[in-house]
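First comes the structure, then the notes that go with it.
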Amino acid sequence: VQRGLSQFELVHVPYERWPLGRSESEISRTPRALRISIMDSSFNPPTRAHMALANAPRPFVESSGYDAKIYLLSIKNADKTLKSTDATYLQRLEMMRLLAQDAGDEDNVAVAIVDEPTFVGKATKLQTFLKRRLSALGANNLIRPELTFILGFDTLERLVAPRYYSSSSDGTEAEAKMFAALDEFFSPGVGNARVACARRSPTSDAEESTLRLAEKYLKSDRIAFIDIGVAEQTYSSTAVRTALGRGDNDSWEDLVSPRVRDYLLQQILYSN
């Protein structure tokens, strides 16, 4: 992916037939959705907030759970650049596998990497990849992948920020382009995506604006909120990196899961 030979790759799958059920008999003979959650992050490093998001129940009106899960490492996220003290992509992928083990999800979680900054682009690449994989596994076209991107509120702000969809200084034009792209992203016939976002009470005009821009997708059940716990809402990868850089172990170890904590200590990551 880093060499530009591919924009999406599965790095780890828990079993050969993923994302289908393990047995041949589970291939559908009637139309159905294959519900896949995607926790998309830079995982620099993964924290207990990531784990809470990954383990949150599916929040939409039809209450069935996820058939499969993806932890997706984005190497080209909007507004984020790699720093010299950051974990390498290989180290992050390893921590993602450790997080899945700590979350009790290792039997259902695939680990993947993508080189695409926008959610609209990610949905397109994922749909293309999954349809090819399902075909290779012998599944018929009656199975339609439905993607649920699991986000924190800060990421939702970027999803519905017009500046990421147009360079125009005309706010109305930028909003129109954003809604056109998001309509395709959420459309069952195109991106077939949903968003599950960590709930947070708005505390600023910018956050109120985010809710206003997301309103029509909230009403149509394409965006829904999930509760991950008061403490987990405050956990951040930045806090872990900062504490490790200071050598302050007491303030970060509780923010990450046990296997990730041990890995960070063994690899001596984020130290200045």
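Numbered according to this note's numbering, the sequence shown spans residues 424 to 695.
Where is the CB? At the ideal position from N, CA and C, for every residue including glycine.
Limits of the alpha helix (DSSP H) - the one that residue i falls within
i, result
"residue 492", "Segment 491-497 is the beta strand (DSSP E) holding residue 492; no alpha helix (DSSP H) there."
"residue 542", "542-559"
"residue 683", "681-690"
"residue 369", "With the chain covering only 424 through 695, there is no way to say anything about residue 369."
"residue 622", "Segment: none, residue 622 is in no alpha helix (DSSP H) and carries neither H nor E."
Rounded separation between residue i and residue j - CA only
i, j, result
"residue 531", "residue 516", "16 Å"
"residue 659", "residue 610", "32 Å"
"residue 432", "residue 553", "11 Å"
"residue 501", "residue 540", "Confidence at residue 501 is low in this model, with a pLDDT of 49, below 50, so its placement is unreliable and no value can be given for it."
"residue 695", "residue 512", "18 Å"
"residue 497", "residue 454", "31 Å"
"residue 596", "residue 589", "8 Å"
"residue 490", "residue 442", "7 Å"
"residue 648", "residue 621", "6 Å"
"residue 594", "residue 635", "15 Å"
"residue 685", "residue 466", "16 Å"
"residue 603", "residue 560", "33 Å"
"residue 670", "residue 580", "32 Å"
"residue 576", "residue 464", "13 Å"
"residue 492", "residue 479", "12 Å"
Backbone secondary structure at residue i - three-state DSSP
i, result
"residue 664", "helix"
"residue 501", "The pLDDT assigned to residue 501 is 49, lower than 50, so where the model puts this residue is not dependable; a value taken from the coordinates is nonetheless given after this. Residue state, collapsed to three classes: coil."
"residue 609", "helix"
"residue 515", "helix"
"residue 458", "strand"
"residue 568", "strand"
"residue 671", "coil"
"residue 598", "helix"
Burial state of residue i (16 or more Cβ within 10 Å)
i, result
"residue 624", "exposed"
"residue 653", "exposed"
"residue 638", "exposed"
"residue 687", "buried"
"residue 538", "buried"
"residue 663", "buried"
"residue 366", "Lying outside 424 to 695, the shown extent of the chain, residue 366 is not represented and no answer is given."
"residue 571", "buried"
"residue 680", "buried"
CB contact below 7 Å: residue i versus chain B
i, result
"residue 686", "Absent here is chain B; the protein component of the structure consists of one chain."
Where the beta strand (DSSP E) through residue i begins and ends
i, result
"residue 483", "Careful: residue 483 lies outside any beta strand (DSSP E) and carries neither H nor E."
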